[in-house]
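Q: Numbering (this note's numbering), first residue to last: 32 to 131. We put the beta carbon where it would ideally sit given N, CA and C, even for glycine. Below: one structure in structure tokens.
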């Protein structure tokens, strides 16, 4: 069984007393300082950036005004056709059935 040494327990008590976000922030700041120092020593102009590059959206082709209006008109025609079909089904369902 792995027992904590008194020195290790003291370190855990200090960590428990500190804010976890503050610890992470100070570690990040130290990493940034070390990367900058390494860049200066190796002669690189800028330190390497960590993490994934920012996501970029593909640039969409510009839509011509006429094409947009035509698409809107098609959508309106489709909506009118669907409404007419729905009304026909509703009327047929509500029509009284003739008795034999």
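#1: Hey, how far is the Cα of residue 128 from the Cα of residue 114?
#2: Compare the C-alpha of residue 81 against each of 60, 50 and 100 and name the closest.
#3: Can you look up residue 51 in the DSSP assignment and give me helix, strand or coil?
#4: What is the DSSP secondary structure of residue 75, reduced to helix, strand or coil?
#5: If you draw a straight line from the C-alpha of residue 132 to the C-alpha of residue 122, how long is it?
A: So, from the data block:
#1: Those two C-alpha atoms are separated by around 24 Å.
#2: The residue with the shortest Cα to Cα distance from residue 81 is 60.
#3: DSSP, reduced to helix, strand and coil, places residue 51 within a helical segment of the structure shown.
#4: Residue state, collapsed to three classes: coil.
#5: What the structure shows of the chain is the stretch from 32 to 131, and residue 132 is not part of that stretch, so it cannot be assessed.
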